[in-house]
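Worksheet: the structure to be examined is printed underneath.
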Amino acid sequence: MADEALEGLPGWHRQVAIDTFNAAWELIDLSSRTPVQDRDLLQLAFTSRYHWGVVGGDEEHMVGDWMIAHVASLQSLGELAHRYAANALDTARANGWDDWRLASMLEGMARASAAIGDEPGRDRYAAEARRVLATLDDTNDRDLIASQLASIPGVASP
Numbered sequence: 003m004a005d006e007a008l009e010g011l012p013g014w015h016r017q018v019a020i021d022t023f024n025a026a027w028e029l030i031d032l033s034s035r036t037p038v039q040d041r042d043l044l045q046l047a048f049t050s051r052y053h054w055g056v057v058g059g060d061e062e063h064m065v066g067d068w069m070i071a072h073v074a075s076l077q078s079l080g081e082l083a084h085r086y087a088a089n090a091l092d093t094a095r096a097n098g099w100d101d102w103r104l105a106s107m108l109e110g111m112a113r114a115s116a117a118i119g120d121e122p123g124r125d126r127y128a129a130e131a132r133r134v135l136a137t138l139d140d141t142n143d144r145d146l147i148a149s150q151l152a153s154i155p156g157v158a159s160p
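At position 147 of the sequence shown the residue is numbered 149 (the working numbering), and the sequence of numbers has no breaks.
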């Protein structure tokens, strides 16, 4: 019986990671949030990342770090955002990913750089993200990441 419970535990961690990630996006998509929703949003991002840390691989860890950075940027927690965005970008580069994963992590660094007031960094990462986006065949990935870039304060449209 104990073995059955342990066999189900990875699936439970995976489901919690997915559910909390999706719940975080629902709060991100609100036009405005209450202070309680902002607190919940940050907790959801950390919860998702924790559970992916238990059962995920590099890609899930990277996306979880990106989500924490994204949420922290939205909440003007620049140092926290920058730390997690840098972790995410390091993971993408260490794995040699040059697709949507790299473009998205560069977007995260641009957003985190904006959150700490580093305008040159923001612009450098946004430009690098656009260069990667130009190589993507998948229009859905390209459009999604481009829209995220466009939502960063101070980032000019190409």
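Glycine included, every Cβ here is placed at the ideal spot set by N, Cα and C.
Taken through DSSP and simplified to helix, strand or coil, arginine 35 comes out as coil. DSSP places glutamine 150 in the helix class (H, G or I) of the three-state scheme. Out of His72, Ala129 and Asp140, the CA that lies nearest to the CA of isoleucine 118 is found in His72.
Where alanine 83 is concerned, the enclosing alpha helix (DSSP H) starts and stops at 80-96. Rounded to whole angstroms, the separation of the alpha carbons of alanine 94 and alanine 128 is 16 Å. Sequence-distant partners of alanine 87 (beyond 5 residues in either direction) whose C-beta falls short of 6 Å from its own C-beta, in its chain, are Ala71, Gly110, Met111 and Ala114. In its chain, beyond the 5 residues on either side, Ala26, Met69, Ile70 and Val73 have a beta carbon closer than 7 Å to the beta carbon of alanine 47.
Residue nearest to valine 57 within the set Arg103, Ser106, Gly13 and Pro122 is Gly13 (criterion: CA-CA distance).
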